[in-house]
Amino acid sequence: MAPPKTHHFATIDDTSVHYFEIGAPNLPTVLLLHGFPSSSTQYRNFAPLLADKYHVVAPDLPGFELTKTPTDYIFTFDNLAKTISGLLHLLSISKYAVYIFDYGAPVGLRLALQSPDSVKAIIIQNGNAYEEGLEPAFWEPVMKLRRTDNSQEARDWLRDNYLTLAATEMQYTSGFPTEDLKLVDPSQWNLDFTQNQEGRGNQERQIDLFYDYRTNLGLYPKVHAYFREKQPPVLAIWGKGDPIFVPPGAEAFKKDLKSAQVRFVDAGHFALETKRTEVAEAVLKFLEKTFHCLSHKTLDPDANQHSENMAEPDPITGSFTRKYNDLHALYEADRLEECLEGAEALLEEPALPRYHIIKVQLMIASMLPKIDEAWSMHAPAEMLWMVIRLSNPAGRDAEIDDNMADLWETVEAIKKDLVDAMEGRDELYKEQLDVDRVAETEIELQLREQRIVESQTDGETLETSKAVAREAMLANSAGDLTPEVGRS
Numbered sequence: 001m002a003p004p005k006t007h008h009f010a011t012i013d014d015t016s017v018h019y020f021e022i023g024a025p026n027l028p029t030v031l032l033l034h035g036f037p038s039s040s041t042q043y044r045n046f047a048p049l050l051a052d053k054y055h056v057v058a059p060d061l062p063g064f065e066l067t068k069t070p071t072d073y074i075f076t077f078d079n080l081a082k083t084i085s086g087l088l089h090l091l092s093i094s095k096y097a098v099y100i101f102d103y104g105a106p107v108g109l110r111l112a113l114q115s116p117d118s119v120k121a122i123i124i125q126n127g128n129a130y131e132e133g134l135e136p137a138f139w140e141p142v143m144k145l146r147r148t149d150n151s152q153e154a155r156d157w158l159r160d161n162y163l164t165l166a167a168t169e170m171q172y173t174s175g176f177p178t179e180d181l182k183l184v185d186p187s188q189w190n191l192d193f194t195q196n197q198e199g200r201g202n203q204e205r206q207i208d209l210f211y212d213y214r215t216n217l218g219l220y221p222k223v224h225a226y227f228r229e230k231q232p233p234v235l236a237i238w239g240k241g242d243p244i245f246v247p248p249g250a251e252a253f254k255k256d257l258k259s260a261q262v263r264f265v266d267a268g269h270f271a272l273e274t275k276r277t278e279v280a281e282a283v284l285k286f287l288e289k290t291f292h293c294l295s296h297k298t299l300d301p302d303a304n305q306h307s308e309n310m311a312e313p314d315p316i317t318g319s320f321t322r323k324y325n326d327l328h329a330l331y332e333a334d335r336l337e338e339c340l341e342g343a344e345a346l347l348e349e350p351a352l353p354r355y356h357i358i359k360v361q362l363m364i365a366s367m368l369p370k371i372d373e374a375w376s377m378h379a380p381a382e383m384l385w386m387v388i389r390l391s392n393p394a395g396r397d398a399e400i401d402d403n404m405a406d407l408w409e410t411v412e413a414i415k416k417d418l419v420d421a422m423e424g425r426d427e428l429y430k431e432q433l434d435v436d437r438v439a440e441t442e443i444e445l446q447l448r449e450q451r452i453v454e455s456q457t458d459g460e461t462l463e464t465s466k467a468v469a470r471e472a473m474l475a476n477s478a479g480d481l482t483p484e485v486g487r488s
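Quick note on numbering: the sequence shown equals residues 1 to 488 in the working numbering.
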């Protein structure tokens, strides 16, 4: 039985990314990327159907639902892909299958172009990669943004016509058989509208992405070249009644992919609302066949050591991911001493794969920017040198892959900066020590002078007291020898 669905937040370049995951972390990973105008909630009932066999991760894209961006975040598909790439890096997910829908398609395809060896399979559900898939009636107002150079008139039209509750309901209900409409949850289009479209801020973000959609069309030639060269396993499964991305867009994948599987279900745009069981069965069959074929290939030099071998999951990875995430939380909270202690313990674990070791070393080495001058001047020297020691790779294997080589270079560069900083710290420490010694000498001299003065004062006071006492004693003695008046 799969573990329960859990919710998490991760900080990627000042963006707080919400994601849920379900399924054992040591299983092969399937990344679910949602579309407009929804969020990871569109996979709420679908993800559990995959979780017995796969580790499922479903994030909210920037600008949607619970993922919160800084005020200067620029909403482009390049940036959305960059944020999700950062999340995958943080979670140590380097090999995965991706399920892409609507806006998730241009994001997921950018990830594939960026790191083609990482994406082991692609499931495309009503997500476009060919112009044949764009329904002109829907897309004409969006393309007008490009033709009018993002004019205010075009933006206002989209605001008033596409970013409305009625338009959102249309996406959930159009193209479905009438008898299936009762299966569609109305709360979903209401949630999508209130969370992602209502309000000026949401509207501006969404219209910015409408405008940037032009870049997706410009990327299509590179995507098609990637398909022809890499021939990734692809399943295109489509709601045939979709009024936005139409069936010819699904059939078009066969032009560049020899083994592309294309099938249709009787549904509209949000096909999972009514056909999730049918889609899940097709996805599971496709992934089982894909990973069975991959199991006969060497996916990377460490295929027998860690979960990059998706056909032979390694339980070490699940434990590592959890512990690494805990360390990263300490790192983000600037609890660096606790992070170092935890990292040292993690690196001492037996049979930890080399790739994981480097991931920890990279995080430790990247502490350098967090060590400001004041902190480094007062932190124990052994703690700072501990950063250098723990981020020092023990040896380099000739079979190291490109991703790991990049990590090595990053670790070495940051380590050099840290050593330089430590040397600078030592110089500052020596200078400070000299200043402290001078100050201590001056203080000691002052204390000595004060003790001398106090000693002299105490001596004078003592002599005065003795003189007074002698005078009192003499006076008393004289009184005793004098007869009292009236004595008989």
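A virtual CB, placed ideally from N, CA and C, is assigned to each residue, including glycine.
Member of the options whose CA lies at the smallest distance from the CA of residue i
| i | options | result |
| --- | --- | --- |
| residue 55 | 6, 105, 215, 255 | 6 |
| residue 177 | 327, 274, 98, 86 | 274 |
| residue 236 | 72, 8, 255 | 255 |
| residue 140 | 157, 219, 125 | 157 |
| residue 108 | 272, 30, 346, 67 | 30 |
| residue 165 | 16, 13, 193 | 193 |
| residue 197 | 36, 291, 101 | 36 |
| residue 137 | 151, 242, 104 | 242 |
| residue 218 | 53, 77, 27, 199 | 77 |
| residue 81 | 101, 47, 110 | 110 |
| residue 33 | 12, 88, 282 | 88 |
| residue 149 | 285, 214, 46 | 214 |
| residue 11 | 83, 216, 151 | 83 |
| residue 327 | 363, 356, 205 | 363 |
| residue 206 | 62, 284, 41 | 62 |
| residue 8 | 48, 24, 53, 58 | 58 |
| residue 195 | 68, 112, 287, 334 | 68 |
| residue 279 | 124, 53, 41 | 124 |
| residue 290 | 49, 98, 25, 18 | 98 |
Rounded straight-line distance, which links the Cα of residue j to that of residue i
| i | j | result |
| --- | --- | --- |
| residue 359 | residue 20 | 22 Å |
| residue 489 | residue 51 | Residue 489 is absent from the structure shown; the chain starts at 1 and stops at 488. |
| residue 301 | residue 153 | Summary for residue 301: the model assigns pLDDT 34, below 50, so the residue's position carries little reliability; its value from the coordinates is reported in the next sentence. Spanning the two alpha carbons is a distance of roughly 55 Å. |
| residue 201 | residue 85 | 25 Å |
| residue 173 | residue 43 | 17 Å |
| residue 322 | residue 163 | 39 Å |
| residue 342 | residue 332 | 14 Å |
| residue 211 | residue 114 | 23 Å |
| residue 74 | residue 169 | 28 Å |
| residue 345 | residue 233 | 40 Å |
| residue 329 | residue 90 | 11 Å |
| residue 248 | residue 129 | 11 Å |
| residue 39 | residue 131 | 24 Å |
| residue 14 | residue 70 | 6 Å |
| residue 338 | residue 266 | 54 Å |
| residue 189 | residue 203 | 16 Å |
| residue 143 | residue 340 | 52 Å |
| residue 135 | residue 155 | 20 Å |
| residue 199 | residue 208 | 14 Å |
| residue 104 | residue 119 | 14 Å |
| residue 286 | residue 151 | 44 Å |
| residue 160 | residue 167 | 10 Å |
| residue 186 | residue 240 | 21 Å |
Buried versus exposed, by CB contacts within 10 Å (16 or more), residue i
| i | result |
| --- | --- |
| residue 402 | Low per-residue confidence applies at residue 402: pLDDT is 49, beneath 50, and the placement is therefore not dependable enough to give any value. |
| residue 270 | buried |
| residue 244 | buried |
| residue 183 | exposed |
| residue 230 | exposed |
| residue 79 | buried |
| residue 277 | exposed |
| residue 222 | exposed |
| residue 102 | buried |
| residue 147 | exposed |
| residue 225 | exposed |
| residue 268 | buried |
| residue 94 | buried |
| residue 28 | buried |
| residue 25 | buried |
| residue 116 | exposed |
| residue 4 | exposed |
Below-8 Å beta-carbon distance, residue i vs any chain D residue
| i | result |
| --- | --- |
| residue 329 | Considering every chain present, this structure includes no chain D. It has just one protein chain. |
Cβ-Cβ separation, residue j to residue i (assumed contact under 8 Å), whole Å
| i | j | result |
| --- | --- | --- |
| residue 227 | residue 191 | Actually they are not in contact, since the Cβ atoms of residue 227 and residue 191 sit about 35 Å apart, beyond 8 Å. |
| residue 66 | residue 60 | 5 Å |
| residue 246 | residue 127 | Not quite, the Cβ-Cβ distance comes to about 12 Å (not below 8 Å), so this is no contact. |
| residue 324 | residue 16 | That pair is no contact at about 19 Å. |
| residue 272 | residue 64 | Contact doesn't hold; Cβ gap of about 17 Å is too wide. |
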